[in-house]
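For the sequence shown, the working numbering assigns the number 10 to the initial residue and increments by one for each residue that follows. As structure tokens, the structure follows; a few thoughts come after it.
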Amino acid sequence: MTERAKIFQGLKAPLIAAGVVFAATIIVSAPLSFVSAFIDFEKQGVAYSGVHGTIWRGGFSDLSVRGAPLGDVSFRLAPLSLLRAAPSVSFKAQGGAINGEGRISAGPGQKLTLENVAADIRLGAIAPRGVFGEPARGIAKVDIKRIAFSRAKGCRAAEGDLWTDVLDAPAKRFNLPAMPMAGGVACEDGRLVVSLAGANVKADAEVVLRIDRTLAYEITATARPEEEGIASALRGFGFEDDNGALIYGSAGVFKGTGS
């Protein structure tokens, strides 16, 4: 090998790395509106009134996803995350169904990670059908430290707290005191488990959602009312008697999330 060839061989890796970095810089510095030339947002159920900034750092005005109004959403892409083939984006949403911020990352194996997500969610804007025949009202507070989930291994890490007053309106309908619910997220045999529990002087309730790596889910709601009139009403909504409690179960598969 000649001296010139040796020099070129030694520079080959740095030159390739520099080329990758240069190409990535050009891409992420492009206007955010450039993305619409490659992605059919309307087909994905995404709508917005305007965009600003670049792919690196930008935002959407009046963003809505499948009818849920998210308001103004801004984001910032972590530059080094592209080199790791695991893009990571910090986001902030305000003025719509969600007011909050956090970080979301995607990686090989259809891995999705949420970190430091703190948000208030207006339930009426994202769940118009509501619960127990009542339009959804109130809010859900989310404080997620970390959720790591992949289609290959399922739930790998989950830590965070949840709170909601979604049952306050149905409780009022049955002349019951308010029933705020609190809970959290956890991993259980590779499944992501979301649980909420609440109580008042006349009843207690628990809701558990389990999601496996195929995005199949199971929801189990358990209620223990003290009054037969309330129990009878719950049976009308599909609850069944089970060892002194009333149980409602549902199962299915989440669609449109990478499946």
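Think of the CB as a built atom: it goes at the ideal place given N, C-alpha and C, for glycine as much as any other residue.
Residue i vs residue j beta-carbon contact at 8 Å
i              : j             : result
asparagine 209 : alanine 180   : yes
lysine 211     : glutamate 237 : no
valine 151     : alanine 128   : yes
glycine 272    : glutamate 124 : Outside the modelled stretch of the chain, which goes from 10 to 268, sits residue 272, for which no answer is possible.
alanine 214    : leucine 171   : no
lysine 162     : arginine 222  : yes
glycine 59     : valine 82     : no
glycine 199    : glycine 169   : no
leucine 86     : valine 98     : yes
Buried versus exposed call for residue i [16 or more other C-beta atoms within 10 Å across all chains shown]
i             : result
threonine 173 : buried
proline 23    : Low per-residue confidence applies at proline 23: pLDDT is 45, beneath 50, and the placement is therefore not dependable enough to give any value.
leucine 185   : buried
alanine 187   : exposed
valine 203    : buried
alanine 94    : exposed
serine 241    : exposed
Boundaries (first-last residue) of the beta strand (DSSP E) holding residue i
i                 : result
alanine 191       : 190–197
glycine 133       : That residue, glycine 133, is in no beta strand (DSSP E); its alpha helix (DSSP H) goes 132–135.
leucine 86        : 77–86
serine 172        : Looking at the sequence provided, one finds tryptophan at residue 172 rather than serine. From DSSP, the beta strand (DSSP E) with tryptophan 172 extends over 163–173.
glutamate 249     : 249–251
glutamine 103     : 97–104
phenylalanine 158 : 148–159
alanine 187       : Element bounds for alanine 187: n/a, residue is neither H nor E.
valine 203        : 200–209
Three-state secondary structure assigned by DSSP to residue i
i                 : result
alanine 14        : In this prediction, alanine 14 scores a pLDDT of 47, lower than 50, which makes its location untrustworthy; the coordinate-derived value is nonetheless stated afterwards. In the structure shown, alanine 14 sits in a helix (DSSP, three-state: H, G or I).
alanine 178       : helix
serine 90         : helix
threonine 223     : coil
glutamine 119     : coil
threonine 34      : In this predicted model, threonine 34 has a pLDDT of only 47, less than 50, meaning its place in the structure is not dependable; the value taken from the coordinates is given anyway. Helix.
proline 234       : strand
valine 74         : strand
valine 60         : strand
phenylalanine 263 : coil
alanine 145       : coil
glycine 258       : strand
glutamate 51      : coil
For residue j and residue i, believed in contact at Cβ under 8 Å, the rounded distance
i              : j              : result
leucine 72     : glycine 80     : 7 Å
methionine 190 : alanine 206    : 6 Å
alanine 106    : isoleucine 130 : 6 Å
threonine 229  : glycine 258    : 5 Å
lysine 120     : serine 159     : 4 Å
glycine 104    : valine 126     : Not really, about 18 Å apart at Cβ, beyond 8 Å.
Limits of the unbroken alpha helix (DSSP H) element including residue i
i             : result
glutamate 237 : 237–245
Beta carbon proximity, residue i to chain C, threshold 8 Å
i              : result
asparagine 184 : The question asks about chain C, but that chain is absent: this structure has only one protein chain.
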